[in-house]
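Read the structure below first, then the notes.
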Amino acid sequence: MSNHNYPSFDELLTLAKEDPNALEQFRQEQVELIISQASAKNQQRLRGLQFQIDAQRTLHSNSPMGACLKMSQMMHESFDDLRDWLNKITNSNDPLRHEIDEYEHSRQNNAKVLQFPAGTL
């Protein structure tokens, strides 16, 4: 991948505050640049993935944190699928699967219910 002179964090922050449309255009240009450098076979897959990401950004347009969390969830699901596939093709058991299942089970069973006084919502 070629070396680009990207704007600094502070420059991007200023752009986000002063001209969000220009920042979005820059983001789209960078995404397109990366996709266009991939093989033709991978470009189709990357465009499909970018479509899903853009759809989530649109669905969560009122909540950047919500969009970030959804994309993080998508990455974790993709990683889980890859790990399962690798374990299947190597005929190996996933040594972390038990640990992950236990962790997820403990998170689900340790939820704390908060009581709000009536009429506060």
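3 is the number of the first residue of the sequence shown in this note's numbering; add one for each residue after it. A virtual CB, placed ideally from N, CA and C, is assigned to each residue, including glycine.
**Prompt:** Nearest to Arg-59 by alpha carbon, out of Cys-70, Thr-92 and Gln-32?
**Reply:** Along the sequence shown, read from residue 1 onward, the residue named residue 59 stands at position 57. Selected option, being the one with the closest Cα: Cys-70.
**Request:** Compute the Euclidean distance between the alpha carbons of Lys-43 and Pro-119, then round it to the nearest angstrom.
**Result:** For this step, residue 43 is matched to residue 41 along the sequence shown. For this step, residue 119 is matched to residue 117 along the sequence shown. The straight-line gap from Cα to Cα measures roughly 57 Å.
**Asked** If you drop the 5 nearest sequence neighbours on each side, which residues of the same chain put their C-beta closer than 6 Å to that of Met-3?
**Response** Position 1 of the sequence shown holds residue 3. At Met-3 the pLDDT is 42, less than 50, meaning the model places this residue with poor confidence; the figure from the coordinates comes in the next sentence. Cβ neighbours of Met-3 beyond the five flanking positions: none.
**Request:** Let me know the secondary structure DSSP gives His-62 once reduced to three states.
**Result:** Counting from 1 along the sequence shown, the entry for residue 62 is found at position 60. His-62 falls in the coil class under three-state DSSP.
**Message:** Taking only three categories from DSSP, how would you classify Met-3?
**Reply:** One-based indexing of the sequence shown puts residue 3 at position 1. Its pLDDT being 42, under 50, Met-3 is placed unreliably in this model, and the coordinates cannot settle the point.
**Asked** Can you name the start and end residues of the alpha helix (DSSP H) that Pro-22 belongs to?
**Response** Taking the first residue of the sequence shown as 1, we reach residue 22 at position 20. 22-38 is the extent of the alpha helix (DSSP H) around Pro-22.
**Message:** For a quick check, are the C-beta atoms of Ile-1 and Leu-48 less than 7 Å apart?
**Reply:** The displayed coordinates of the chain run from 3 to 123. Any statement about residue 1 would go beyond what the structure contains.
**Request:** May I ask you to report which of helix, strand or coil DSSP gives Ser-10?
**Result:** Here residue 10 refers to the residue found at position 8 of the sequence shown. Coil.
**Prompt:** Do you know offhand how far Asn-5's Cα is from Leu-35's?
**Reply:** Your numbering for residue 5 matches position 3 in the sequence shown. Your numbering for residue 35 matches position 33 in the sequence shown. Because the pLDDT at Asn-5 is just 49, under 50, the model does not fix this residue reliably, and the point stays unresolved.
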